[in-house]
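Below is one structure, written out as structure tokens, with a few remarks after it.
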Amino acid sequence: MIKVGILTMSDKGARGEREDKSCEVIKEMVKEIGGEVKYYKIIPDDFDVIKEELFHCCDRLELDLVLTTGGTGFGPRDNTPEATIEVIKKQAPGITEAMRMESLKKTPKAMLSRAAAGIRGKTLIINLPGSPRGVRECLSVVLPVLPHGLEILSGRGGECGKE
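Structure, rendered in structure tokens:
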């Protein structure tokens, strides 16, 4: 079982003014890899709040995977990538590169994504877009490789270079 956390960054969602539909897509999709959502929270697009929640998920809850949704664009309150970069110890740029490459096949606006991904301890954090469609498109690209990556990250995995 992969222990998953979902953080939705949305000022309106945190105030109860917008329904979080992206989290439902994530919850359904992580089941495909044996993921079980152990933590879920909607928080405002506040840099310090995002950082604290990421620390909580990684250091206190010791989740395997934290998927964030929202706050990756050009908006003045879009702080998710910067908060993520402050929390992680190692970057995982291949993940966000793959998501952007696939998304670019559908819309040129994909190049405006500032999503980040990286590792803190034994937790992988991946920033996803804020829309259900964007979440589905991006998560479908990386989902097949996540079990292997998380297995290696946890120390349970074996050799990566086998023929």
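So the sequence shown is numbered by our numbering: it starts at 26 and just counts up by one. Where is the CB? At the ideal position from N, CA and C, for every residue including glycine. As the structure is a computational prediction, the values presented were derived from the model and not from experiment.
Determine contact between the stretch 26 to 35 and the stretch 91 to 98, defined as no fewer than three beta-carbon pairs at a distance below 8 Å.
-> Note that the stretch 26 to 35 touches the stretch 91 to 98; at least 3 beta-carbon pairs, one per stretch, sit closer than 8 Å.
My guess is that Leu164 and Leu153 are in contact by the Cβ rule of under 8 Å, so how many angstroms apart are they, rounded?
-> Contact flag correct, Cβ pair sits at about 6 Å.
Taking the alpha-carbon positions, what's the Lys130 to Lys66 distance?
-> Rounded to the nearest whole angstrom, the C-alpha separation of Lys130 and Lys66 is 31 Å.
Would you tell me roughly how many angstroms separate the C-alpha atoms of Gly60 and Gly182, rounded to the nearest one?
-> Cα-Cα distance, rounded: 17 Å.
Using the C-alpha atoms, what's the distance from Glu57 back to Val112?
-> About 27 Å.
Do Pro157 and Val62 come within 8 Å of each other at the CB atom, strictly closer than that value?
-> It is not a contact, given that the beta carbons lie outside the stated cut-off.
Residues of its chain near Gly38, where Cβ-Cβ distance is below 7 Å and the 5 sequence neighbours each way are ignored = For Gly38, where only same-chain residues beyond five positions count, the Cβ hits under 7 Å are Asp45 and Ile67.
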